[in-house]
Amino acid sequence: MATGDQQDIIARIRGYLPRWFGDVAQSPIINGVLQGLAYSGAYIYSLYAYAKQQTRILTASDGWLDMIAADFFGLSIRRRTGQSDASFRANIVANLFRERGTRNAIIRVLTDLTGRAPTIIEPSRPADCGAYDAPNSGYGMAGAYGQVSLTYQAFVQAYRPLGSGIPNVAGYSIVTTGYSAPSQGEYVDASMSSNNVSDADIYAAIESVRPAASIIWTRISS
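If you want our numbering, it's the 1-based position in the sequence shown plus 11.
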């Protein structure tokens with residue numbers, strides 16, 4: 012017997028009845044009435060308990076989590092297809108307290124979104140572009156040219172997620188599919204891919220954390 016279930020409510024109601032009603036075995040008619048009342052009471056209590064959980068992010072579930080995300084972030088944070096409540100809740104909490112306005116904020120938001128860290132070059136940052144007499148630069152070395160006049164700007168090379176393709180469907184030049192062969196192959200389009208992070212999502216993620224009055228030149232590749 013748990014708090015608020017049907018048996019608990021029956022016991023509570025019977026506790027208020029006069030003793031002359033007798034015990035359970037002696038009062039079958041009143042027991043039936045109490046069972047009906049307790050059934051309704053248990054449902055109301057469960058509804059109350061569920062509603063109470065939805066008032067806090069850490070205990071909210073189902074569509075209420077989606078409403079919470081919409082309240083805080085609009086359309087920028089949405090539940091992915093098949094994403095569990097626990098995973099979506101963790102994403103909401105992470106974005107509530109996310110670092111913003113820094114270089115590291117861009118790295119973290121893109122890594123969280125795509126699973127791949129971006130490459131960031133700030134033209135006025137010697138650590139990215141090198142300098143004379145510095146140990147991280149020299150002729151014949153791969154790197155980027157700096158420019159001190161390009162302040163408050165950065166070049167970001169973002170990467171799309173490494174998706175797993177389309178489940179159960181093989182591709183061209185794969186031996187598991189072919190004409191007259193027992194296999195599964197079909198013509199597909201991008202909407203069937205398990206990778207559901209779009210380029211627009213990547214741009215929006217950068218925009219959500221970039222420093223104010225800065226220019227972030229972005230290139231996205233696979």
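Note that beta-carbon positions come from the ideal geometry of N, C-alpha and C, so glycine has one too.
Backbone secondary structure at residue i - three-state DSSP
i, result
"residue 208", "coil"
"residue 9", "Residue 9 falls outside the range modelled here, since the chain spans only 12 to 233, and no answer is possible."
"residue 49", "helix"
"residue 132", "strand"
"residue 226", "strand"
"residue 60", "helix"
"residue 25", "helix"
"residue 98", "helix"
"residue 78", "helix"
"residue 83", "helix"
"residue 65", "coil"
Neighbour-count burial assignment, residue i, 16 or more Cβ in a 10 Å radius
i, result
"residue 39", "exposed"
"residue 49", "buried"
"residue 83", "exposed"
"residue 8", "Here the chain comprises residues numbered 12 to 233, so residue 8 is not present and cannot be evaluated."
"residue 21", "buried"
"residue 173", "exposed"
"residue 58", "exposed"
"residue 117", "buried"
"residue 221", "buried"
"residue 76", "buried"
"residue 55", "exposed"
"residue 226", "exposed"
According to DSSP, residues forming a beta bridge with residue i
i, result
"residue 169", "231"
Segment contact, 8 Å Cβ cut-off, at least three pairs: the stretch 122–131 with the stretch 81–96: no
Contact between the stretch 103–123 and the stretch 212–219 (3+ Cβ pairs under 8 Å): Contact between the stretch 103–123 and the stretch 212–219 is present, with at least three C-beta pairs closer than 8 Å.
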